[in-house]
Amino acid sequence: MESLAANAVPSQVPTPAKPVNLLQSQPSQFYANLHPILLLSLPLFSFKSLVNDPVNTLLGLTPALAILQAIYCVVCLPSTGQAPPAPHKPGQKKKAGKPAQDIWAKVVPVFLSFVLTFTLSAPILYITVILFGAPLTTHHPHTLLLALHLALLTTPQLYYAHGLDAAKWLQIVSLQLPVDEVYGMTLGACVGAWIGAIPIPLDWDREWQKWPVTIIVGLYFGAIVGKLAGGYVFKGWKIKLS
Amino acid sequence: MEDGEPQSSGSKDLKTENERLAVQFKAQHGLVVAFFVLLLVFHALGIYLFCSGFLLSRLVLQDRSACAAPPVELRYGYTPGSPERGCWHPKSFDKAVVIIVDALRYDFTVPFQPRPGDEHPHHFHNALPVLYETSAQQPNNAFLRPFIADPPTTTLQRLKGLTTGTLPTFIDAGSNFAGTAIDEDNLVEQLFRAGKRVVHLGDDTWHSLFPGYFEPNLTKPYDSFNVWDLHTVDNGVNEHIFPLLEPSMQGRWDVIFGHYLGVDHAGHRYGPDHPAMNDKLKQMDGVIRQIIDKLDDETLLVVMGDHGMDVKGDHGGESDDEVEAALWMYSKKGIFGRGHDVPSEPPATPKERPVGQIDLVPTLAFLLGLQIPFNNLGQPIEEAFVGPGQNKDYANLAEVSRITAAQIHRYQTEYARARGLNDSATSTTSNLWREANERYGAVHAAERVMSDLVEINAYNAYVAYQTENLRICRSLWARFDLVSMSMGITILFGSFAIIAIYAHGIAADRSTLTPLLLGWGAAGTVAGAIIGAAVGLIPDVSLAQTSSFGAAAIGIIATLVGLWPARQVLRLPVPRTFWGGLCMLVTLMLCIGFAANSFTIWEDEQLLFLLTTFGVLMLGSSLGQPDPEDRKLGAANAVSFLAATRLSSLSRLCREEQMPHCRSTYYASATSSTSASWQLGIPFAVALILPSVIKHFFARTRNYNGSAIIWIGVALRMGLALIAGFWVLDAADDGEWFPRAPQDALKTSRVVVAQVVLALAFAAGYATYIWASPPITVKTEEASPEQPAASRPLDPEDPHSDIFTPLNSSPQPRSKLIIFGYANTHGTRYFLLPCAWILALQLVQKPMGQGTLALCMISILNILEIIDANGLRRSPLGPTLLALLGSYYFFKTGHQAALASIQWESAFVPLKTIQYPWSPIMVALNTFGAQILCAIAVPAISMWKVPPKQPGLLGRVAGAMATHMLFYAAIAVATVVEAAWLRRHLMLYRVFMPRMLMAITALLIVDFVGALVALVGVRFSIVSVGDVFGWPGT
């Protein structure tokens, strides 16, 4: 059957995707490096209250995280359809264009990305977290906020950079996209959250083992590590599933 | 595919060639099965060696205490040697009635006390008040104390402890089903030798322990293992015990042992919190009151539980609920008392003032004037010797505990000598012994002063000696034979290496290499056994140990040597793909996790997590398939797999350690072992849905015809409906829905239904499986001449569409032959085997377990489709995933890695009484049902949707099976090593050892089923396909 399947679909292979390059502007480079530090500071400085009152802390962190991610998209990433910045024009005066129009061309996709993150990614990730064994009858706000944070750290940048192209998204979910900063952050966040679940059953009787603190911490750390690794170390790599 | 080859030599040659290939396949297949049996032998030998070192313990001394030989000079010049007056101490009673109420937990006997979260009495509360009442109201006549059992809390082990006064050894735990006579000094033997007439009524375990000691005419044993029968034993004991208590029967007996089983059986069958338990306890209350009425002044009455029961009503382990039994002594003589500052009311909870069960032995011995059994480690119970009233007889108390301690000291000296121990092991006890004797010396010096304080000091010093001695014995008798354990671990590692290389280190057709490995391996095993046996002839060396180690070790080395000629095709058995790496990572994580008790305790949740990880990744991978058909198929099955896995996770049976973070849903309530009435609907739903789902998978590739319709559409559905009926009958019998139905009518009909289902599954199922032809249909149509002359799918867009094969040499007009179901001939043909087994496995599951096992079956089919859609047939993903699935559904069918979760009652599904070997087989089918089902499904991975003339199929099936075993072997090796490493861990017997036992049992069962059910089954499937389509050339 394998051979038949290969014969049956000779074309259809989408054009090989290229890793996303950051915008070349100075603020973009600056913020791209600042972003992980800001992200890290979120759980780090609120860790105590996260342990004491996860629901309210996570609720409070949500806008901050959303804003950080939005700034990252606007400042650092080329939005869908936007031609990649041409690096071979160093002397060009960019700001000579139409700044107002430029801003709107970025704000609208960011807005749409976050609408999709809240209405599409978060519910899907909520179901996924439940599938992984999150409590079914209790802790609903906890799980919901976990899914929200998971969504905010994994998907807005993808919507922003790749749009809603079905073929692209099939590549994203089947791990076939070449690794870059954006995709690395998503993968890192997922792996981090996965690892974050490991200490929960241990009988250390620590407050921080309660749902979903460890996963949140793993999620943030994973996102940051993934972003850095995807941007600097593994850029252009492809995961070979089979 | 060979279809295109020119076949000029004619059909006769083709036929002989086919026959030759068929014979060749059968020979190769037999050798592959034999090789897997050899692996099973290696595993069994390794496990035997490890267990014989790990489950070792105490040396049984044959010495007997003699009536005339007390261990120490007696006080006041008392002359020993007269059983009439009392051997070592004046006796208090001539006769005794000892009643054992099996599984009488302490909280059954004391008034209910509300606690936060537990405000209302349960069914088992306040139903047996007589013990508490008498102790509180007549403290001189009775006392009641918590009675702590030494685990394992099985009746046989407890009876040993209660009569010999020594600690149980773990190797005996397994012998509850076949008890053997006690061959060390014990109370029953002493009574017999002292000429007392001992009568026994009830549980027949006594007769296997003490054969020939009971009065043959008066004794009435009853079968103890029909745990579904609550009344036969109890009514039998009542029928015989009351006539014996009549004055006319005085003089016919001296000691009666009456063993009631109803409470225990009510617990096993319903759990403690059930009206049946309430009735049973009330009946026991009445029985005890009646015995009190008939008792004369010279007779001692003892009522005790041999162990408790857990929240489900089972026992065997060492949880608090299981070890906390009750002990009550009563006599009309009024000789009992309470120590200093002890209230006359019995303790409110079993945590206050408990006594050990072994303490009964010296207590009874002194009260009845017997010598203390030689191996006894217990101490006399204070209440029995301190005397009634205000003037406490501390001198008596000090004297009995001094004699007891002296006997313990004598035993210890003897034991150290027999074992060749040096003094350092016993130095603390030696000091305590010396100190106690000094204190006692002070008593002697002050004998005229009669100072209570001095006597109490001496008493306390002897108690301290006894307690410390007991503590040392406990730690000492968990003695591990490290040599034997290391041998076992070595063998397990070696066989693990063989399976790893066989599964992943051979870059060629495994089936052609197997004969070589088998030849070397078998020859090495035989040679090793002979060499080992020769070494074993040296004295002081265990023959069994050396010969099994020799056989396994040399066998393994020889198998590895057998790989030498194939060194060209060998490679390092490491993962080379994403999926292979993930499988190894997950297995490794589980293996490491078993070193921590928390991960072991929460294994069920982790397996859900890991399976979901696989499910999500497979969903993603399927969505990345270039072919839309594959994409759709893979994704749909991955979603179904995820949903089935999460749905079945709702079926939980919590182990004690998971509380309070877990809620059991497997039974009607957390304290019962019966199903809720809504759960009875599950088997009907399964009968309705499961065959249709399987049919769907067959029909997708047009394979739903012929035998498939007969088995899946008719027989399986009928069998599942019968099973549903069985469990309704069972519930009706349990709940006594038809009180006027003739006795046993329900039970008989239930058993008949179960036997019919088993016959259907194994006789009809196997007959169908063996003689079925492949589930394909052939149609002939007029062909248009321009059809090309090679096989190809009818619809090029659909890889699962039917394959069209024109007949090559047919003259004009050409007709074309359409084979429906060509695409999945092998897969569906083989899958009839799991379909037959599922019926038998469903029968022995509780209703909830049937629902989850059906989900397991569906998940297996999902996995097969996903693997096909992703082209991962040769990846380790499938076999490893099935192993994870089997382990996961082990938990979802109401089990835990704890001895208490074994559903012993499944032995009674098709039988009314225990019958060997059927009863243990039923329990095994119940316990490891999920693993068995998954192991049987493993060959389907390599066979699902492969062309009928796929070359090298057998080798791939063998590889998949070896990969599957590799998972279980890894878990077994890890848990064995961890149990050995953590052998001094507090949680050894509670967590690590049960997990280790589960892992090695699962390994042996999967080895066995994999070789003798799955691989043997592959033969019939491939031969029947080969007969129709011809054989692939070599």
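If you read the protein sequences in the order shown, they are chains A and B.
Going by the UniProt record's numbering, the letters in the first sequence line up with residues 1 to 242, in that order.
Going by the UniProt record's numbering, the letters in the second sequence line up with residues 1 to 1034, in that order.
Heads up, the beta-carbon is just placed ideally off N, CA and C, and yes, glycines get one too.
Closer than 8 Å, CB to CB, is residue i near chain A or not?
| i | result |
| --- | --- |
| W1031(B) | no |
| E73(B) | no |
| N176(B) | Only weak support exists for where N176(B) lies, its pLDDT of 37 falling under 50; the coordinates are left without a value. |
| V616(B) | yes |
| N862(B) | no |
| G624(B) | yes |
| G620(B) | yes |
| R646(B) | yes |
| W602(B) | yes |
Looking at chain B, is there any beta carbon in it that lies within less than 8 Å of the beta carbon of residue i?
| i | result |
| --- | --- |
| P54(A) | no |
| F234(A) | no |
| D203(A) | yes |
| G196(A) | no |
| L170(A) | yes |
| S121(A) | no |
| K238(A) | no |
| V173(A) | yes |
| G133(A) | yes |
Excluding the five sequence neighbours on either side, which residues of its own chain have a C-beta within less than 6 Å of the C-beta of residue i, listed in chain order?
| i | result |
| --- | --- |
| G955(B) | D509, R510, S511 |
| L397(B) | F385, V386, Y459 |
| I694(B) | I712 |
| V20(A) | A161, D180, V182 |
| D234(B) | Y260, G262 |
| L40(A) | I224 |
Per DSSP, which one or two residues make a beta bridge with residue i?
| i | result |
| --- | --- |
| I100(B) | H259(B), M304(B) |
| S82(B) | G86(B) |
| G202(B) | P221(B), H259(B) |
| A22(B) | DSSP lists no partner for A22(B). |
| P105(B) | In the sequence as displayed, the identity of residue 105(B) is Arg instead of Pro. In the DSSP output, where bridge partners are listed per residue, R105(B) has A325(B). |
| K95(B) | T299(B) |
| I239(A) | In the DSSP output, where bridge partners are listed per residue, I239(A) has none listed. |
| D118(B) | R115(B) |
| Y330(B) | A142(B), L301(B) |
| I506(B) | L570(B) |
Among the options, which has the Cα closest to the Cα of residue i?
| i | options | result |
| --- | --- | --- |
| V1009(B) | P373(B), D1027(B), I921(B) | I921(B) |
| Q69(A) | T154(A), C190(A), I216(A) | T154(A) |
| L77(A) | K48(A), A147(A), Y31(A), L44(A) | Y31(A) |
| L38(A) | F132(A), A223(A), P212(A) | A223(A) |
| I498(B) | A962(B), A1014(B), A980(B) | A962(B) |
| I860(B) | F697(B), T164(B), A96(B), G30(B) | F697(B) |
| E298(B) | K392(B), Y440(B), F93(B), G536(B) | F93(B) |
Would you report the Cα separation of residue i and residue j, rounded to the nearest angstrom?
| i | j | result |
| --- | --- | --- |
| G230(A) | M185(A) | 7 Å |
| R576(B) | V639(B) | 27 Å |
| Q28(B) | M998(B) | 33 Å |
| G959(B) | P939(B) | 9 Å |
| S11(B) | S622(B) | 44 Å |
| E17(B) | L953(B) | 18 Å |
| A715(B) | L760(B) | 8 Å |
| L116(A) | P879(B) | 38 Å |
| K168(A) | L177(A) | 8 Å |
Excluding the 5 residues preceding and the 5 following residue i in the sequence, name in chain order all residues of the same chain whose CB lies nearer than 8 Å to its CB.
| i | result |
| --- | --- |
| V237(B) | L201, G202, K220, Y222, G258, H259, Y260 |
Can you name, in chain order, every residue of its own chain whose Cβ lies under 7 Å from the Cβ of residue i, other than the five neighbours on each side?
| i | result |
| --- | --- |
| D321(B) | R105, G308, M309, D310, V311 |
| V303(B) | I99, V101, L131, I288, W328 |
Counting contacts by CB-CB distance shorter than 8 Å, is residue i in contact with chain E?
| i | result |
| --- | --- |
| E605(B) | Absent from the structure: chain E. Protein chains present are A and B. |
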